[in-house]
Each structure stands twice: as C-alpha cells, then as structure tokens.
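Residue numbers (the numbering used here): 2 to 353.
We treat Cβ as the ideally placed atom computed from N, Cα and C, and that holds for glycine.
Fair warning: this is a prediction, and the values are worked out from it, not measured in the lab.
Okay, so here's the structure we're looking at.
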C-alpha cells in the first residue's frame, strides 16, 4: 500500500502501514505482535507484566516468526516507598467484600507489581535489538536511555499534554504518541498527576503537532478508518490502536473482559485508580461504582491491585480491571492480520 499523506513514521520505523498495534500489558501476545507485523503495521510487545525470562521467550518467538520491525514497550515509573499504614487502610476498606465473597481477609496480601525499566531490561534490548523501544510514564534515566539509543532503536513515548510532548522531544524521543483521554489502559501522564490536565485527542493532537518537530502518533478513540483519516487531517503521521485489537483471537482477555467489551456502551468506561494506583481507563464494574472510580485511599502504583486479587478470584467481573478505550463499540471480531489490513485499505479509500 502506498499514497499515505505522511510517510515520516513509515520511513523512521521501516514499516509499511502507519498503524501501531498498541502494547497492552496482559492482553498482547506474541501471536498478536507477529500478525500485526505480517500485515505491515508495527507490532508492539509490552514488558511491564513480564519477567525477564518471559520477555526473552516472547521476543525469541517473535524474532523466529518475523524479520519485520518490532516495538518493545516498558514502564519507567519510580517504584513507590513502602507505606504499610496506607496498605492496611486500603485493605480495611475492602474488608466487607472479603466477608461477602468468602475470601480470607487475614491471609497475607498478594503483591501487585509492574516492572520498571532497569539494567536487566536494558540488557534484553541490547540482546534482541528491537527496531523501536517505547516507554510509558516519561523516559528512563539518561544512562539507560543512552544504552537503548546505542542499539539503534528508535525511541517513542506517550504524552498526555503539550508540556509532556515538548519535554519528551527535548529529552531525545524520535516520535511522540499523543495520548488522548479516550484511550484505554493507563494514562501516560508523568509531569503532573492532575487528571484535570487530561484532554481529548482531537484537542490535544494538533497542539502537540504544532509544538514539536518530530512526528506525532495519535492514540485514543481511534477504532476505524474514519478516526485514522481524522488523525491525519489533524497532523498525525500515524495512529496507535489498542482497544480494537482486544477483539481479536490473538488477545488474551478473561471471559469477563471479553463479555464486557462486547456489551458495554462507550459511556460505560471511566478513569480509575483502584486496580493499580494510577489512573487507567476501563469498563465500569461493581467495585468502581461502589468505591468511586478514583479513590484517594488506593495505594500508590502499582501496589493497589494486591488487595483486590483475592476478590478478583471470587468475582472476576466485579473486581478485575476491564481496560478499554471509549471507541469499544467500533470493535469487530476479526483476526489481527485482517483487522490491520482492513483499517489500512478503508483508510486509503477514504483518502482518495
């Protein structure tokens, strides 16, 4: 396929289509990445919930199946200081649910964790040399970022405000993902934790395009060809799509998540900090309705999820994170390869 209105991302990343399959921790599989790559998009493997051994295994599988460029995504948050008093208050707030569901309140609280980019992860990058490395929550420390760049990888990161986009460009990003508030999963905010700063993609995107010189990738609320065309009209060089790929057979989602994606309305998603301690958009369920989607009692990221794990085991639909963006009603049940090709073909037809 050719005749794209902006080829900067294609040239920068060495891909055929200006589509990035979003790295969705817990849902993205090596099979999804391979299929996205084979379709001509940039397949993205998330590392935040994987051990180093699991990450190496996934990348080995991907590299054996495809020689196409790939993206490996890492979180780069600062691990929180231990706060046992806050952890106890949070679990106490959940105690009525433990009693109702028959979960053992006195048992040790499971550990909820997300890996932050470190030396061990950087060694994996140096070993596998992915063509693209992307980050969430800013960028890692300079010494690690320099090592990533030394492999030849292009570096991407998410910006939820114009200020974050400018900061990312100044600190070495080769392209910036403009993440509108419609996007599912964790917000990429890192210069402020004020949710009032978070705005929709179509307000955010042109302002970021005007503020930086590097190519900009649109993310959030893009689920079909109409959204891709609109993103190009506002200055994007590519789109990053997540929720639409959750409908593919290559996605790993629970039965409850699968059902919610196919029946919830766009108005039934909300930003919540209950499941990890950082704001993330998901489909509203029981615990979000009853405790409030944003609750100040939730421990700092990523510790909040531990106390919810025994409840999730008893009632998955009511107490697990059901990540989704606002464009979920545009989702179709089709393979990753077919979805990617259809998006590209329909977009080009509308651009003629």
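Query, Result
"Beta bridge counterpart(s) of residue 242 as assigned by DSSP", "22"
"N- and C-terminal bounds of the alpha helix (DSSP H) containing residue 309", "Run containing residue 309: none; DSSP gives neither H nor E here."
"Beta bridge counterpart(s) of residue 218 as assigned by DSSP", "178, 239"
"Residue burial classification, residue 156 (beta-carbon count within 10 angstroms, cutoff 16)", "buried"
"Option nearest residue 267 by Cα separation, candidates 165, 216, 221", "221"
"Classification of residue 15 by the beta-carbon crowding that lies within 10 angstroms, buried from 16 upward", "exposed"
"Outcome for residue 93 when other beta-carbon atoms lying within 10 angstroms are tallied against a minimum of 16", "exposed"
"Residue 331 versus residue 64 - alpha carbon distance", "31 Å"
"Whole-angstrom distance between residue 136 and residue 343, CA atom to CA atom", "28 Å"
"Helix, strand or coil at residue 44 according to DSSP, with G and I counted as helix", "strand"
"Option nearest residue 305 by Cα separation, candidates 218, 283, 325, 278", "278"
"Helix, strand or coil at residue 133 according to DSSP, with G and I counted as helix", "strand"
"Cβ-based burial, residue 108 [other Cβ within 10 Å; buried from 16]", "exposed"
"Status (buried if at least 16 other CB within 10 Å, exposed otherwise) for residue 89", "exposed"
"Same chain, Cβ closer than 6 Å to residue 309, five either side skipped, listed in chain order", "320"
"Residue range of the unbroken alpha helix (DSSP H) whose run includes residue 320", "317-320"
"Top-ranked residue by Cα proximity to residue 18, from 341, 276, 33", "341"
"Those residues which DSSP pairs with residue 193 across a bridge", "In DSSP, residue 193 forms no bridge with anything."
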